[in-house]
Structures are given as C-alpha cells and as structure tokens.
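**Q**
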Amino acid sequence: MSDSALEAAAVERALALGLVAPTAEPKDTGLTAADRVGAVRGLTVGLLHNRKRNGDLLLADIGRMLQERHGVAALYPIAKFHYSRRATPEILDELAKNCDAAVTAIGD
Amino acid sequence: MTALDEHIEVMELLFRTGWTDGLPVVPPTRAAVDLLVEASGRPADTLIAEIPPLYGAATVEKVAANAVMAGCLPEYMPVVITALELLVHERFNVGGMQCSTHMATPLVIIHGPIRHELDVNCAGNVFGQGRRANAAIGRAVKLALVNIGGSRPGVTDKATLGHPGKYTYCMGENEEASPWEPFHVRRGLSSTDSAVTVFGAEGPHNINSQVMDSPYKLAKVIVSMMANLGSNHVYIQGQSLIVLCPEHAAVFGKAKWSVEDLQQFLFENARVPHRDMKLGGIYGPETDKYNVFPRWVDRGSDDSPIPVARRASDIQIVVAGGSAGHSAFIPGWGSRAITGIIET
C-alpha cells in the first residue's frame, strides 16, 4: 500500500475504535476554475507578481514570449501588496475587469 | 495482551494516522473529548475559526480532540480556544506563516490571574520543558493549526528549517517580577482580566548580560542583538519581541525607565546601515525596489541608518523568566501581536 493508503487505513481503524478525528475537511469555497481561453492571440494577459525578488523578471520574460510567439495583444502587470498575503479581492477584480487571462509567478 | 500493551498499540496506530507531531499523543477518545468540550462552556459544533491554508472548520469538538492529544487538562480549553480565535485575525496572517519557508510559528503568551489557576510557568526555564500547562497549551494550539488548517510539513508547510517551538511554544508573563504594568494592561485590558497574546516568532535568541550597573549599557547589549541582517524585521519593518528577565527589567525599573523609554532607546539605536542591507538578506541589491521604510528614511544615502521597526511601539516587551541575567530577543515574522481576553 502507498503511504496515503496506509494512513487512510489507520484513520479508518482509529475511527472504528471510537476515537475522534482531530482533522477537518478543506473548506468548500464553491470556487471553480474559469473556462480556459485556449489560444491567447489578440488577448490581454495579466501578470500578477507576488513581490518576491525576481518574480517580476520572470513574468516580464513570460510576457515578452507571449507577445512575440503567441500574439498576445497587451500585458497588464500588477503586484500583490506583500508576498505572504493573498491577492486582495480588489486586485482579483481588477485582473478580471482588464484581462482575458492571467499568469502569476513567485520569485526568490 | 494487557491494557497497557493495548495502549501502546493505539499509540502506534495514532502515529500512522498522521495526526501527531512526531511525539506520542493521548488518544482522543469520545469521553475525553466530551470532557474538554464541556469545560469550554460552548456547544461542540460552535465554530471557533476557519484555519488556513485549507480553511478547515475549527469547531469546539475538533479543538478539543487536538487538546486531548496534546495532553491538556479540561481547564486549559479557554486558553487554547482564545489563542486560535486570535490567530485567525487578519493582521496575524497565520495562513502565510503556516506555509512560509521562514521558521516562524505562533508563540502563545498568557497574562493575568489564569496563570496561577492553571499553574503556567512564568519564571525559570519559561521556554523549557517541565510544566504541563505551557507544554500542553502550546502543543494543542500547534496540533490544531496543523490538523485543522492542513499545514503538513513538506506538503503545505514549506519551512526550510522550522524551529523547536513548532512542537509547543507557550509562556506566561512574570507580572509579579515586572517593574511595569502587565503586557495586556498596557494594551488596554484590566489587570483582573486573563488574556492571551499570540506573536509570530522565531525561537528565543539569548541576551546574556551579567553586567547590570547601567540601563544604557544593558540596552546597548539588547540593541546588538536586534540590529542584524538575518531577521525579517528590518526588511519588512515588522514587530519583534524582547523577553526581559526580572533582573534586567529591574535595571530599567530602578532607573525609572518606563517601557516606552526602553522601546524608544531600542528603536533609536537598533539601526542597520542601508549599505549593509544591500549585501544580502531578503532583497539584497534590490532593497530599494521593495523596501517599506518609513518616509523619513533617506533612501538616497547608503549611510542611512535603517530602523528595525516602523515605530518604537512595535518593539514588544514582556517580562518573564527566573534569576540571573539572561533575556531573549525573539525576531518576528511579519505578523502583528494580537491580544485578547480569555472568556471562561
């Protein structure tokens, strides 16, 4: 058995013994992935930088390749306030409003 | 097979479930969990927090299961619950901490009368082994964060090193040995309140100063620990914590220094040359591109002394420990210390 299968079997056994699981299921956010855009020719692509060093350089290269090789019409660079925090709803709304697709990258 | 043999078998089973921190745990039986739920004074399905990164629901029952495993007595439950409520405060950013490559983990600090009721160690070896309340409360908080929040080492917890406080990290404030008002009173609560503070923390770094004839000399020793290139605070202008031993605290108390006086001294003297920050650290040569220095810092000069916090009050000071001249500097991670009353 794999490690995960062994672990699942142990959990099943523990629960059968009447022990209370200390774990919780991941929250169901109700979010689903957006429809894929397929080809990106003629689209505007957002570049979401997490503000770690070099993440912007990586995104700049990706943006340039998307334009040169895949015909992306425009780029929309944007950065999070801080790398350790999630992108705010305002940033996500701005991306959704101005872009057809987005790429994110982390640096270090 | 004897009952003791069966107990060992269950202990081994619990290791295989992935529910433990690598040490043996107390089996979370229905009866034991119910006892802790009852001690919380809240229904079992009461939601305490949704803990990132997976935002699992920390109900009272789930928290109790982790507290049983950690070795908690029923009366510890209000402390564990309060700590978890504080940890999901937006300004703490426990989600980032749970997944970070940095070593930080939450430190739980207990204030007020409940320290005596629960026999919390506030004095000698305050960060060390030997006292059930400190060990079990800190461990329960950490087990809940991992088991409910889903920060599994190597999977979602990406710490490069971690530190031993990730097993348990809980201390009491030695209010009786402090020349100042207790920490939670300075933050607006009453001395009759029992309270918890959570702080995202590296391990304690010793400040050994047996010379105690001058507050200025002693403060300079503390400054030497704070002005460094390896901690987060100078780059992100975040908070840090000084755990002052009673003998060191008395040096400042006898000289009539207030907590604010000490904070101001540390703030004004713990500075890192702008030039040195460009050597490495978080941003290295790109320090100026990402810095969040206060506006009054002259970014144009490599000679500028960079403060290790945005403001003096971000250098947190709490008194704890036993005799002799050993204090501790605890660098932060980037989150804010959050304090709240323990509802019993």
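Listed in order, the protein sequences are those of chains A and B. For the record, in the first sequence the residue sitting at position 61 is 65 according to the working numbering, with numbers rising by one throughout. For the record, in the second sequence the residue sitting at position 316 is 532 according to the working numbering, with numbers rising by one throughout. Just so you know, even glycine gets a beta-carbon here, dropped at the ideal spot from N, CA and C.
With distances taken from CA atoms, which of B:Val535, B:Arg402, B:Val304 and B:Asp409 is nearest Ile458 of chain B?
**A** Checking every option, the nearest Cα to that of Ile458 of chain B belongs to B:Val535.
**Q** Tell me which residues of the region 362–375 of chain B have at least one Cβ-Cβ distance to chain A shorter than 7 Å, keeping chain order.
**A** Residues Asn363, Ile364 and Gly366.
**Q** What are the residues in the region 20–37 of chain A lying within 8 Å of chain B by C-beta distance?
**A** Cβ contacts with chain B: Leu21, Gly22, Leu23, Val24, Ala25, Pro26, Thr27, Ala28, Glu29, Pro30, Lys31 and Thr33.
**Q** Counting along the chain, where does the beta strand (DSSP E) carrying Gly566 of chain B start and finish?
**A** A question about residue 566 of chain B goes unanswered here, because the residues of chain B that appear run from 217 up to 560.
**Q** Run the CB neighbour count on Val427 of chain B, radius 10 Å, all protein chains shown included, and call it buried at 16 or more, exposed below.
**A** Under this definition Val427 of chain B is an exposed residue.
**Q** Which residues mark the beginning and the end of the beta strand (DSSP E) in which Pro456 of chain B is found?
**A** Contrary to the premise, residue 456 of chain B reads as Ser rather than Pro in this sequence. Residues Ser456 to Leu460.
**Q** Does the Cβ of Asp530 of chain B have 16 or more other Cβ atoms within 10 Å, making it buried, or fewer, making it exposed?
**A** So Asp530 of chain B ends up on the buried side.
**Q** What is the residue span of the alpha helix (DSSP H) that Met313 of chain B lies within?
**A** It spans Val310 to Cys315 - the alpha helix (DSSP H) in which Met313 of chain B sits, taken as one unbroken run.
**Q** Just by C-beta distance, which residues in the region 235–259 of chain B are closer than 7 Å to chain A?
**A** Against chain A - using a Cβ distance shorter than 7 Å - the residues of the region 235–259 of chain B are Trp235, Pro243, Pro244, Thr245, Arg246 and Val249.
**Q** Could you name the residues of chain A that Ser316 of chain B contacts, counting a contact when the two beta carbons are closer than 9 Å?
**A** Per Cβ cutoff of 9 Å: Ser88.
**Q** According to the Cβ coordinates, are Leu300 of chain B and Ala274 of chain B closer than 8 Å?
**A** In contact: Leu300 of chain B and Ala274 of chain B (Cβ atoms closer than 8 Å).
**Q** Consider the Cβ of Thr555 of chain B: report whether some Cβ of chain A lies at a distance smaller than 8 Å.
**A** It does not: the Cβ of Thr555 of chain B has no partner Cβ on chain A nearer than 8 Å.
**Q** Using DSSP with H/G/I as helix, E/B as strand and the rest coil, what is Gly50 of chain A?
**A** DSSP places Gly50 of chain A in strand when its eight states are reduced to three.
**Q** Could you pull out every residue in the same chain whose Cβ sits closer than 7 Å to the Cβ of Asp409 of chain B, ignoring the five residues on either side in sequence?
**A** If we look at Asp409 of chain B and ignore the five residues flanking it on each side, its Cβ neighbours are Gly328, His400 and Ile557.
**Q** By DSSP, does Pro380 of chain B sit in helix, in strand, or in coil?
**A** If DSSP states are grouped into helix, strand and coil, Pro380 of chain B belongs with the helices.
**Q** Going by DSSP, which residues form a beta bridge with Thr245 of chain B?
**A** Paired residue(s): A:Leu23.
**Q** Pick out whichever of B:Gly378, B:Leu230 and B:Gly366 has its Cα sitting closest to the Cα of Met285 of chain B.
**A** Selected option, being the one with the closest Cα: B:Leu230.
**Q** Could you tell me the alpha carbon to alpha carbon distance between Thr245 of chain B and Leu62 of chain A, rounded to whole angstroms?
**A** Spanning the two alpha carbons is a distance of roughly 51 Å.
**Q** Please report the straight-line C-alpha distance between Arg232 of chain B and Pro26 of chain A, rounded to a whole angstrom.
**A** Each residue's Cα considered, the two are about 14 Å apart.
**Q** Consider the Cβ of Tyr385 of chain B: report whether some Cβ of chain A lies at a distance smaller than 8 Å.
**A** Judged by the 8 Å Cβ criterion, Tyr385 of chain B is not in contact with chain A.
**Q** Quick check: is the beta carbon of Met319 of chain B nearer than 8 Å to any beta carbon in chain A?
**A** So no, Met319 of chain B is outside the interface.
**Q** Going by the beta-carbon positions, is the gap between Pro431 of chain B and Trp473 of chain B smaller than 8 Å?
**A** Yes, they are a contact pair.
**Q** Just mark Leu60 of chain A as buried or exposed, buried being the case when its beta carbon has 16 or more other beta carbons within 10 Å.
**A** It is Asp, not Leu, that sits at residue 60 of chain A in the sequence shown. Classification of Asp60 of chain A: buried, given that the 10 Å Cβ count is 16 or more.
**Q** Run the proximity test for Ile353 of chain B: is its beta-carbon closer than 7 Å to any non-hydrogen atom belonging to the ligand NAD?
**A** Judged by which ligands are present, the structure shown has none, so any question about the ligand NAD falls away.
**Q** Look at the Cβ atom of Glu266 of chain B, then the Cβ atom of Val226 of chain B, and state whether they are nearer than 8 Å.
**A** Result no, Cβ atoms of Glu266 of chain B and Val226 of chain B do not sit closer than 8 Å.
**Q** Which chain A residues sit within Cβ distance under 9 Å of Leu173 of chain B?
**A** It is not possible to answer for residue 173 of chain B, since the shown part of chain B is limited to 217 through 560.
**Q** Return helix, strand or coil for Ser256 of chain B, following the three-state DSSP convention.
**A** Ser256 of chain B: helix per DSSP, three-state reduction.
**Q** When the cut-off is 8 Å and only beta carbons count, does Lys278 of chain B lie next to chain A?
**A** So yes, Lys278 of chain B belongs to the interface.
**Q** If you follow the alpha helix (DSSP H) that Ile297 of chain B is part of, which residue opens it and which one closes it?
**A** Element bounds for Ile297 of chain B: Met293 to Leu303.
**Q** Starting from the N-terminal side, write out each stretch of the beta strand (DSSP E) that is 3 residues or longer and does not extend beyond the region 421–500 of chain B.
**A** Here the runs fully enclosed are 421–424, 456–460 and 487–489.
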